[in-house]
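Some notes on the structure that comes next.
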Amino acid sequence: AQTVTQSQPEMSVQEAETVTLSCTYDTSESDYYLFWYKQPPSRQMILVIRQEAYKQQNATENRFSVNFQKAAKSFSLKISDSQLGDAAMYFCAYRGDNDMRFGAGTRLTVKP
Amino acid sequence: GAGVSQSPSNKVTEKGKDVELRCDPISGHTALYWYRQSLGQGLEFLIYFQGNSAPDKSGLPSDRFSAERTGGSVSTLTIQRTQQEDSAVYLCASSLAGGRGQETQYFGPGTRLLVL
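If you're matching them up, the sequences are chains A and B in order.
Residues 613 to 724 (my numbering) are what the first sequence spells out, left to right.
Residues 569 to 684 (my numbering) are what the second sequence spells out, left to right.
Written out as structure tokens, the structure is:
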């Protein structure tokens with residue numbers, strides 16, 4: 613089974629600054645999808661951004677962007693101009709041919 | 569339109585009792601997933617329904633867990649003879665189709681289950 617690793621259990625960022633959350637994964641597949649989900653205290657999982665493995669261009673959604681390194685199997689999330697509302701658990705997820713796996717999550721704190 | 573809904577939002581039960589958790593997916597979504605999230609942990613895949621195909625039950629932790637999806641829409645996750653280790657948040661998600669090209673999953677708010 614594919615594994616997804618988030619090596620940072622907790623991260624902190626100052627409001628308006630930039631923070632990068634790390635994610636690595638293990639797979640033998642060449643075609644797959646990667647996701648970042650946000651889970652605020654309300655526990656509603658919200659899709660932040662997704663990346664298709666066959667696309668070399670990094671996905672971007674407003675203040676959120678990814679650094680997708682396929683050869684290194686790395687998929688980090690960059691949050692620019694951090695806002696208080698960005699505080700949440702962030703989960704990296706992998707969708708392959710047969711399964712979907714989530715990382716253990718990174719808790720992001722935003723300091724005013 | 570309405571998102572994924574789940575009920576109840578919270579459930580407290582006694583060890584040994586059976587519980588049923590309900591999920592209403594987004595209308596038109598053919599794929600439905602159940603996950604379990606223990607306190608402070610990531611998501612553990614439980615079961616996946618895609619259209620009328622046989623469900624992928626590979627994530628169910630024991631035979632006390634079962635799920636069904638009636639009419640390709642509403643799904644019920646049943647836990648029989650609950651144990652304290654079943655305490656967790658159970659999340660349901662749906663997506664437009666099961667193929668990887670449509671794999672953005674939309675999640676419900678979850679059901680928090682506490683087994684005393």
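No residue lacks a Cβ here, since even glycine has one placed at the ideal position from N, Cα and C.
Query, Result
"Selection of the segment 650-665 of chain A by Cβ proximity to chain B, strictly under 9 Å", "Gln-651, Ser-654, Arg-655, Gln-656, Met-657, Ile-658, Leu-659, Arg-662 and Glu-664"
"Expected contact under 8 Å - CB spacing of Val-580(B) and Leu-682(B) to nearest Å", "5 Å"
"Reduced DSSP category for Thr-638(B) - H, G, I as helix; E, B as strand; rest coil", "helix"
"Assigned secondary structure, Leu-646(A) (DSSP; H/G/I helix, E/B strand, else coil)", "strand"
"Residues within the segment 607-624 of chain B neighbouring chain A, beta-carbon criterion of under 9 Å", "Gly-608, Gln-609, Gly-610, Leu-611, Glu-612, Phe-613, Tyr-616 and Asp-624"
"Proximal chain A residues relative to Phe-675(B), where beta-carbon distance stays under 8 Å", "Tyr-649, Gln-656, Met-657 and Ile-658"
"Burial state of Pro-652(A), where buried means 16 or more other Cβ atoms lie within 10 Å", "exposed"
"Range covered by the beta strand (DSSP E) that runs through Thr-683(A)", "Strictly speaking, residue 683(A) in this sequence is Ala, with Thr absent from that position. Taken as a continuous stretch (DSSP letters only), Ala-683(A) belongs to no beta strand (DSSP E), as it is neither H nor E."
"Nearest residue (CA-CA) to Lys-583(B), options Leu-614(B), Asp-654(B) and Ile-615(B)", "Asp-654(B)"
"Start-to-end residues for the beta strand (DSSP E) that takes in Cys-635(A)", "Unbroken run through Cys-635(A): none, as it is neither H nor E."
"7 Å Cβ cutoff met for Asp-643(A) and Thr-615(A)", "no"
"Residue closest to Ser-641(B), alpha-carbon to alpha-carbon, out of Tyr-601(B), Pro-576(B), Asn-578(B) and Val-657(B)", "Tyr-601(B)"
"Cβ neighbours of Asp-624(B) in the same chain (closer than 6 Å, five flanking residues each side left out)", "Tyr-616"
"Exposure label - Asp-698(A); buried when at least 16 CB within 10 Å", "buried"
"Burial state of Ala-628(A), where buried means 16 or more other Cβ atoms lie within 10 Å", "exposed"
"Contacts around Glu-673(A), its chain only, beta-carbon distance under 8 Å, and the 5 residues preceding and following it disregarded", "Val-660 and Ile-661"
"Ala-683(A) at chain B interface by Cβ criterion, 7 Å", "no"
"Among Arg-637(B), Gln-605(B), Ser-595(B) and Thr-638(B), the one whose alpha carbon lies nearest that of Pro-629(B)", "Gln-605(B)"
"Same chain only: Cβ atoms within 7 Å of Tyr-666(A), ignoring 5 sequence neighbours per side", "Asp-643"
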